[in-house]
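Engineer: Sharing a structure below in structure tokens format, with a few things to ask.
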Amino acid sequence: MTRQPGPLRIGNASGFYGDRFDAMREMLTGGELDVLTGDYLAELTMLILGRDRLKDPGAGYARTFLRQLEECLGLARERGVRIVANAGGLNPAGLADAVRQLADRLGLPVRVAHVEGDDLTAAHPGSLAAHAYLGGFGIAACLREGADVVVTGRVTDAALVTGPAAAHFRWGPGDHDRLAGAVVAGHVLECGAQATGGNYAFFHEAARGGRDLRRPGFPLAELHEDGTCVITKHPGTGGFVDVGTVTAQLLYETAGARYAGPDVTARLDTVRLTQDGPDRVRIEGVRGEAPPPTLKVGVNRLGGFRNEVAFVLTGLDIEAKAHLVREQLTDALAKSPPAEVRWDLVRTDRPDAPSEETASALLRLVVRDPSQEAVGRALSGAAIELALASYPGFHVLAPPGKGSPYGVFEDVYIPQGGVDHVAVLHDGRRIPVPPAHDTVVLDEVPEPPLPQPLSHGPTARAPLGLVAGARSGDKGGNANVGVWVRSDDAWRWLAHELTVDRFRQLIPESGRLKVTRHPLPHLRALNFVVEGILGEGVAAQHRFDPQAKALGEWLRSRHLDIPEILL
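Under the numbering used here, the first residue of the sequence shown carries the number 5, and numbering increases by one thereafter.
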């Protein structure tokens with residue numbers, strides 16, 4: 005990329021595989037851009053693409069991306085916008101070839117490059133997909149050599165921004181503060197509309213203030229050479245950008261003060277946010293450190309087979325009805341019980357309810373076993389045979405099926421030099437990307453000093469969410485819950501009130517698990533990591549909310565004594 009004066013404008017058009025199809029066109033036509041990125045990968049997506057590749061060795065990439073390019077490749081070429089996406093998934097070389105064929109068919113002189121070296125499946129026997137999280141310097145190499153489109157496999161989400169920034173500003177591996185600023189910008193952008201009002205805790209306040217949240221626009225970052233940036237969106241698009249929306253996204257799927265990646269470790273406890281005008285948030289002050297000496301590898305395996313049936317319990321004697329059907333099915337499956345059996349009674353019923361739905365509770369049975377037969381016909385037959393022989397009002401939401409495969413995710417770590425990170429150019433040249441040489445083993449950051457507690461005064465019993473926002477998500481089998489407030493007085497209260505013990509009281513499911521609290525005073529935020537709450541990862545569907553997307557909203561709904569001055 006040719007270095008130009010002024011900021012580098014990097015937009016996002018996808019936060020996951022299946023995001024708004026028209027976003028690419030909207031971003032290309034809505035305003036000025038230099039680079040348009042798209043994040044198509046997640047832990048679950050890699051498993052899905054792995055299963056696709058089992059059926060067709062030529063598959064393994066996000067086909068939606070190709071369909072979007074069919075409409076938009078000419079537009080991007082005309083406007084001089086380069087496209088960087090991790091849509092290559094398990095087969096970036098295959099996607100690069102497909103994009104070249106598309107460009108030839110459309111008569112467009114487009115230079116397509118790809119990044120490879122992340123695939124370590126062969127080194128993990130029995131895995132469906134095992135991929136290292138690469139950094140952004142492979143992307144940078146492709147762009148410096150003139151690529152118009154760069155597709156990758158498994159890179160970190162932030163690499164989609166650090167790569168173009170490093171190419172544009174000629175940053176090197178030692179520019180830790182600048183790279184860290186780009187990492188923070190990339191983390192804000194990577195989930196698309198979550199930075200512009202999507203999934204926002206205080207959405208109702210925004211709607212009352214005249215914000216249109218029906219179709220939020222996608223975000224972009226105006227990134228400067230010193231690593232500072234402004235998060236904004238195209239004029240006239242829906243949603244909004246303020247300190248709250250950016251704070252929420254900064255806390256999403258992160259943990260402590262150190263946010264480690266293959267290029268740099270960004271210090272989230274140094275991030276400072278200021279409102280820079282309507283729909284503009286400035287990010288500055290970000291400090292960076294050398295990356296850790298290891299790379300994360302996401303390993304996906306098929307864990308076995310699962311099945312589920314939800315019994316509907318209506319009216320009186322809910323607990324007794326649940327007890328009866330549990331005993332009946334336990335007896336029926338006694339000869340060959342599944343390896344794992346989990347019952348959950350969800351009390352959605354109300355007394356004297358005005359509708360049958362609100363008079364009903366759900367009893368969920370989830371079974372898992374290495375054998376499909378153990379969770380398939382055996383369970384289906386046992387459940388359906390109770391139709392006329394169990395509790396009064398017996399019915400189920402849907403009959404159990406034959407059992408479906410489920411995945412297991414784990415992360416392992418290898419030395420930085422354990423991959424052959426290569427930029428493959430449009431003309432076939434291969435540029436090796438060396439690993440980081442300046443590395444530092446990650447240590448915990450000492451807990452920062454907390455503000456003085458809020459003065460004692462009258463309190464009222466109320467939901468935490470009247471004062472605090474939250475956003476939660478998954479990382480393997482762990483979940484994080486980021487909680488933030490919008491005033492200094494609220495921070496003085498939250499920092500002392502929402503301890504690990506209080507968190508456990510409010511979220512009883514975490515009571516026997518390891519919970520770690522990470523204060524981030526500059527953001528007026530606490531980030532909680534709950535280890536093991538998601539079992540073996542999202543694909544295992546361990547709990548009702550397998551990705552912990554609503555864990556933060558559950559926390560906000562819990563009542564505690566809040567100072568009246570904050571309400």
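Quick reminder that beta carbons are idealized off the backbone N, C-alpha and C, glycines included.
Here the structure is a predicted model, which means the values were calculated and not measured.
#1: Flag this pair as yes or no: are the beta carbons of Leu32 and Val85 separated by less than 9 Å?
#2: Along the chain, where does the beta strand (DSSP E) that runs through Thr318 open and close?
#3: For Ala472, which of helix, strand or coil comes out of DSSP?
#4: Output the boundary residues of the alpha helix (DSSP H) element that contains Ile388.
#5: So the candidates are Gln509, Gln376, Glu323, Asp280; which of them puts its Cα closest to the Cα of Val350?
#6: The beta strand (DSSP E) with Ser408 in it runs from where to where?
#7: Would you kindly work out how many angstroms separate the C-alpha atoms of Leu94 and Tyr44, rounded to a whole number?
#8: What is the DSSP secondary structure of Val103, reduced to helix, strand or coil?
#9: Compare the beta carbon distance of Leu366 and Ala314 with 9 Å and say whether it is the shorter of the two.
#10: Enumerate, from N- to C-terminal direction, the unbroken beta strand (DSSP E) stretches of 3 or more residues contained entirely within the segment 64 to 90.
#11: Please confirm whether Pro550 and Leu559 have their CB atoms less than 9 Å apart.
#12: So is Phe206 in contact with chain B if we call contact Cβ pairs under 9 Å?
#13: Can you tell which of Asp26, Ala100, Ala17 has the C-alpha that lies nearest to the C-alpha of Val39?
#14: Taking the alpha-carbon positions, what's the His500 to Gln376 distance?
#15: With DSSP run on the structure shown, which of helix, strand or coil describes Pro96?
#16: Spatial neighbours of Phe207 within its chain, please: C-beta separation below 8 Å, excluding the five flanking residues on both sides.
#17: Which value, in whole angstroms, describes the spacing of the CA atoms of Gly176 and Leu446?
#18: Determine whether the beta carbon atoms of Leu277 and Gly231 lie at a separation below 9 Å.
#19: Please list the segments of the alpha helix (DSSP H) lying wholly inside the segment 188 to 238, counting only runs of 4 or more residues, in order along the chain.
#20: Count the other CB atoms within 10 Å of the CB of Ala334; is the residue buried (16 or more) or exposed (fewer)?
#21: Report the three-state DSSP secondary structure of Ile143 (helix, strand or coil).
#22: Take the Cβ of Arg7 as the centre, count every other Cβ of all protein chains shown within 10 Å, and call the residue buried at 16 or more, exposed below.
#23: Just to confirm my understanding: we take Thr269, look at its own chain, exclude 5 residues before and 5 after, and list those with CB closer than 6 Å. What are they?
#24: Which residue's Cα is closest to the Cα of Thr298: Tyr417, Pro355, Glu389?
Structural biologist: Looking at the atomic coordinates:
#1: On the sequence shown, residue 32 is found 28 positions in, with the first residue counted as 1. On the sequence shown, residue 85 is found 81 positions in, with the first residue counted as 1. Contact flag set, yes.
#2: Taking the first residue of the sequence shown as 1, we reach residue 318 at position 314. Where Thr318 is concerned, the enclosing beta strand (DSSP E) stretches over 298 to 318.
#3: Within the sequence shown, numbered from 1, the residue matching residue 472 stands at position 468. Three-state DSSP puts Ala472 in coil, outside helix and strand.
#4: Here the question's residue 388 lines up with position 384 in the sequence shown. Here the alpha helix (DSSP H) through Ile388 covers 381 to 388.
#5: Against the sequence shown, residue 350 aligns to sequence position 346. The option with the nearest alpha carbon to Val350 is Glu323.
#6: As a working mapping, residue 408 is identified with position 404 in the sequence shown. Taken as a continuous stretch (DSSP letters only), the beta strand (DSSP E) holding Ser408 covers 408 to 419.
#7: Working through the sequence shown from its first residue, we reach residue 94 at position 90. Working through the sequence shown from its first residue, we reach residue 44 at position 40. So the alpha carbons of these two residues sit roughly 12 Å apart.
#8: Translated into positions along the sequence shown, residue 103 becomes position 99. In this structure, Val103 counts as helix in the three-state DSSP scheme.
#9: Residue mapping note: residue 366 aligns to position 362 of the sequence shown, counting from 1. Residue mapping note: residue 314 aligns to position 310 of the sequence shown, counting from 1. Contact: yes.
#10: 86 to 89
#11: Position 546 of the sequence shown, counting from 1, holds the residue named residue 550. Position 555 of the sequence shown, counting from 1, holds the residue named residue 559. No, Cβ-Cβ distance for Pro550 and Leu559 is not below 9 Å.
#12: Absent here is chain B; the protein component of the structure consists of one chain.
#13: Numbered from 1 along the sequence shown, position 35 holds the residue referred to as residue 39. It is Ala17.
#14: As a first step, residue 500 is located in the sequence shown; it is residue number 496 there, counting from the start. As a first step, residue 376 is located in the sequence shown; it is residue number 372 there, counting from the start. Near 50 Å, if we compare the C-alpha coordinates of Gln376 and His500.
#15: Numbered from 1 along the sequence shown, position 92 holds the residue referred to as residue 96. Residue state, collapsed to three classes: helix.
#16: Position 203 of the sequence shown, counting from 1, holds the residue named residue 207. These residues qualify, in order along the chain: Gly201, Leu217.
#17: Sequence index remark: in the sequence shown, residue 176 carries index 172 (1-based). Sequence index remark: in the sequence shown, residue 446 carries index 442 (1-based). Near 21 Å, if we compare the C-alpha coordinates of Leu446 and Gly176.
#18: Within the sequence shown, residue 277 is the residue found at index 273, counting from 1. Within the sequence shown, residue 231 is the residue found at index 227, counting from 1. Contact: no.
#19: 207 to 212
#20: In the sequence shown, counting from the first residue as 1, residue 334 sits at position 330. Just to set this straight, residue 334 is Thr in the shown sequence, not Ala. Result: exposed.
#21: Within the sequence shown, residue 143 is the residue found at index 139, counting from 1. Residue state, collapsed to three classes: helix.
#22: Here residue 7 refers to the residue found at position 3 when the sequence shown is read from its first residue. Because the pLDDT of Arg7 is 45, which lies under 50, any placement of that residue in the model is unreliable, and the question is left without a value.
#23: Position 265 of the sequence shown, counting from 1, holds the residue named residue 269. Counting only Cβ-Cβ distances below 6 Å, and skipping sequence neighbours, we find Arg262, Glu293, Pro295.
#24: Numbered from its first residue, the sequence shown carries residue 298 at position 294. Closest option to Thr298, Cα to Cα, is Tyr417.
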